[in-house]
RNA sequence: GGGUCGGUGGCAGAGUGGUCAAUUGCACCUGACUGUAAAUCAGGCGGCUUCGGCCUACGGCGGUUCAAAUCCGUCCCGGCCCA
């Protein structure tokens, strides 16, 4: 069994960096960690999508920090809770996920987060599925569990308050989500749960449940959300999500598309750059002589490095600078087959750089299509053999090479 | 069960017989500019098209009308109030 590190400085760092709240208190948790006790902690991820995203990585990263201290980590796949759908994410469509899909997704999840958390080696993280215990809950159990909470308590949830105000429906099963998540804590008998600050309510339900069923104090640690200074969340609606299964070049580029306000939080939450370097960046960002772009390049590099390794990160950076800063044509351009006397519009659609004929036409009309550097303004253009090997550029980031 | 209000494009949300493929905001796309795939500004944003138009769409179905997202009937779903 691995040894638990109880160095105060290291513990302070883990308890401070990117942390928003600790329940019941930071001091209590610190006391336990200093004591040298090996605690069991977890964070749950609902397998609703093929890929986790950088927002999920924040909590995984924190798990990884605890792992380095020698604690027992559970990476929980919420295959059961995923079926209910977390009301936190109101846009979540409750798509039924099959067991196979879940297994497939979760296998990828492990790979996706392996830059942050180790599943092998000395103190490997354990992977569990909450359907293991939640599937077995019967109606009677459910009633017993739910009798620990009042409707009023559930309604306190900001999300529900909002819907009440907007006179939008709240379905009964949505009340059950926090219970299901809370029950995970009980079933795994954990000491600590980690999650984003938006998960606070759910996690605190687990704390209550733990207290009433096992008479045990579960700690809850919430992470800051990745937001810019206006409080705007990095999320799907803002369209700047970075999926962890993205290739290195796209990952790099997507980070570069973040607004400047996300740079410092990005370093703090998504990397493990030393505190001193962080402070330095924070300082330099205030100085208008420095170009935020340079810090963003570094952030994109660091994030890509964690997920894809150093070489890939360097390659992605070069690619980005060449293609976007210097507007060079990249080296690896996918070849897409063309037919003799094929209309350019049809070709763009078949090459997947336009979503429909109309879209292709619009892009041409708006001056977004170039062939070998020459802007095309005739959307009726027909391709012939003389275009063999030429490069079509669509917008800023799509390139295809014509191949007959 | 009764009353009442409502269901519109990826989302939010206008429109209440023709001028509606549908105002606006967000998201998205393209361009300009730049410090970047940031910010800002401009344009675009259902599909097909022989570029004249055509087709499909405002919860479902049916109807009235020359003409319906808009009116009527019916069904499904939701909010609020009453029981």
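In my numbering, the protein residues as written are 33 to 436. Glycine included, C-beta positions come from ideal geometry on N, C-alpha and C. No experiment lies behind these values; they were computed from the predicted model shown.
When burial is assigned at 16 or more other CB atoms within 10 Å of the CB, is residue i buried or exposed?
i	result
residue 175	exposed
residue 2	With the chain represented from 33 up to 436, any question about residue 2 goes unanswered, as that position is not in the structure.
residue 80	buried
residue 205	exposed
residue 209	buried
residue 215	buried
residue 343	exposed
residue 280	buried
residue 303	buried
residue 334	buried
residue 82	exposed
residue 147	buried
residue 187	exposed
residue 203	exposed
residue 144	buried
residue 118	buried
residue 183	exposed
residue 429	exposed
residue 250	buried
Nearest-angstrom Cα distance between residue i and residue j?
i	j	result
residue 412	residue 315	54 Å
residue 66	residue 86	30 Å
residue 103	residue 357	44 Å
residue 76	residue 224	12 Å
residue 276	residue 73	23 Å
residue 139	residue 97	22 Å
residue 199	residue 193	10 Å
residue 369	residue 99	49 Å
residue 387	residue 114	31 Å
residue 35	residue 70	8 Å
residue 155	residue 149	10 Å
residue 405	residue 390	23 Å
residue 247	residue 46	27 Å
residue 153	residue 173	38 Å
residue 293	residue 319	14 Å
residue 239	residue 341	38 Å
residue 40	residue 201	48 Å
residue 243	residue 44	26 Å
residue 349	residue 278	15 Å
residue 64	residue 235	19 Å
residue 185	residue 197	16 Å
residue 313	residue 321	13 Å
If you drop the 5 nearest sequence neighbours on each side, which residues of the same chain put their C-beta closer than 8 Å to that of residue i?
i	result
residue 142	107, 151 and 159
residue 255	50, 51, 52, 90, 91, 94, 226, 227, 228, 229 and 301
residue 408	376, 396, 401 and 402
residue 351	281, 284 and 362
residue 365	423, 431, 432 and 433
Just confirm the distance between the C-beta atoms of residue i and residue j, as a whole number of angstroms; I'd bet it's less than 8 Å.
i	j	result
residue 167	residue 112	6 Å
residue 423	residue 431	6 Å
residue 414	residue 385	In fact, because the Cβ distance is near 18 Å, the residues do not count as touching under 8 Å.
residue 241	residue 218	6 Å
residue 195	residue 233	That belief does not hold up - the Cβ atoms of residue 195 and residue 233 are roughly 14 Å apart, past 8 Å.
residue 433	residue 367	5 Å
residue 211	residue 181	7 Å
residue 287	residue 331	6 Å
residue 157	residue 109	Contact flag wrong, Cβ pair sits at about 12 Å.
Between residue i and the rest of its own chain, which residues show a CB-CB distance below 6 Å, the 5 nearest in sequence each way excluded?
i	result
residue 270	Confidence is the limiting factor: at residue 270 the pLDDT is only 46, short of 50, which leaves the residue's position unreliable, though a coordinate-based value still follows. Cβ neighbours of residue 270 beyond the five flanking positions: none.
residue 54	61 and 253
residue 337	345
residue 101	37
residue 123	Reliability fails at residue 123, whose pLDDT of 41 lies under 50, so the model's placement of it is uncertain and no value is given.
residue 125	With a pLDDT of 42 at residue 125, under the threshold of 50, the modelled position of this residue cannot be trusted; read the value that follows with caution. Correct list: empty, nothing qualifies.
residue 360	354
residue 267	With a pLDDT of 44 at residue 267, under the threshold of 50, the modelled position of that residue is not reliable, and the figure given next carries that caveat. So the list is empty, once near-sequence residues are dropped.
residue 382	none
Quick one: what's got a C-beta closer than 7 Å to residue i's C-beta in the same chain, skipping five residues either side?
i	result
residue 310	299 and 300
residue 317	295, 296, 324 and 327
residue 379	370 and 415
residue 42	101
For this session: Run through the region 183-265 for me and flag every whole beta strand (DSSP E) of 3 or more residues, listed as ranges in chain order.
Result: 224-228 and 251-255
Problem set entry | Entirely enclosed alpha helix (DSSP H) segments - the region 84-114, minimum 4 residues | 86-100
Problem set entry | Inside the region 386-414 only - beta strand (DSSP E) runs reaching at least 3 residues | 401-403
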